[in-house]
Amino acid sequence: MTQPRWHQLIRGRRVRALIAGFALVMLVLGLSGVRSTTAAWTDKDEATGSFSAGSLKIRDLTCTDNSGLLGLGGDQLKLDWKRPQISDSVQLAYTVTVIRTPLLSSPSTTTYTTEETTLTYRDTKLSLLSIPTYTLTVQAKPIGEWSGSAATVKGHGINLATLGLVLRCNS
221 MTQPRWHQLI
231 RGRRVRALIA
241 GFALVMLVLG
251 LSGVRSTTAA
261 WTDKDEATGS
271 FSAGSLKIRD
281 LTCTDNSGLL
291 GLGGDQLKLD
301 WKRPQISDSV
311 QLAYTVTVIR
321 TPLLSSPSTT
331 TYTTEETTLT
341 YRDTKLSLLS
351 IPTYTLTVQA
361 KPIGEWSGSA
371 ATVKGHGINL
381 ATLGLVLRCN
391 S
């Protein structure tokens, strides 16, 4: 069966219109399609400034002893320090570690925790005769957080029988 000539004409025009429409769409998309460009809104302003992280460094650690007449009778070392330069809203705890090293025996370590910026250490490990040295270290730690760098002082002592003859901070 043959189609009338006008039907073939319309069908041919439709195909051509469809092809022309497709070509036009492709041309528009091709000319305005995605391209790599520099955004027109790029801002070229510059800013300068500085910032610093909080520090947990112990400041001004001092050691004082309670020695009596002629430097004898001391049995305590008192540590005092300043709070690290960090926001007052940060609650801190301090770990104080005391390493007692007698001249002829093994060292012993005692650890204290405080929220104060002072601690008094009393030597309770007296023996017949000992000449110990002391290393006292203070380290700050935000409660529930990481810890900061430690600060250390040293001391020395002389014990005879059960008496603490000398317990001094090193200068």
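Numbering of the sequence shown is given in the numbering used here, commencing with residue 221 and proceeding in unit increments. The beta-carbon is built from N, C-alpha and C at its ideal position, and this holds for glycine as well. Quick caveat, the model's predicted, so the values are computed rather than measured.
Item: Three-state class that DSSP yields for A313 in the structure shown; Value: strand
Item: Limits of the unbroken beta strand (DSSP E) element including Q305; Value: Taken as a continuous stretch (DSSP letters only), Q305 belongs to no beta strand (DSSP E), as it is neither H nor E.
Item: Length of the line joining the Cα atoms of S309 and I278; Value: 17 Å
Item: Backbone secondary structure at A237 - three-state DSSP; Value: helix
Item: Candidates W301, G269, L244 and F242: closest to C283 by CA position; Value: W301
Item: T353: first and last residue of the uninterrupted beta strand (DSSP E) it sits in; Value: T353 to P362
Item: A267, DSSP secondary structure in three states; Value: coil
Item: Straight-line Cα distance separating E266 from S307; Value: 30 Å
Item: Limits of the unbroken beta strand (DSSP E) element including D280; Value: R279 to D285
Item: P304 and L276 closer than 8 Å at C-beta; Value: yes
Item: L324 - DSSP class collapsed to helix/strand/coil; Value: coil
Item: Exposed unless 16 or more other CB atoms sit within 10 angstroms - verdict on D295; Value: buried
Item: Three-state secondary structure (DSSP) of G174; Value: The first residue shown for the chain is 221 and the last is 391, placing residue 174 beyond what the model contains.
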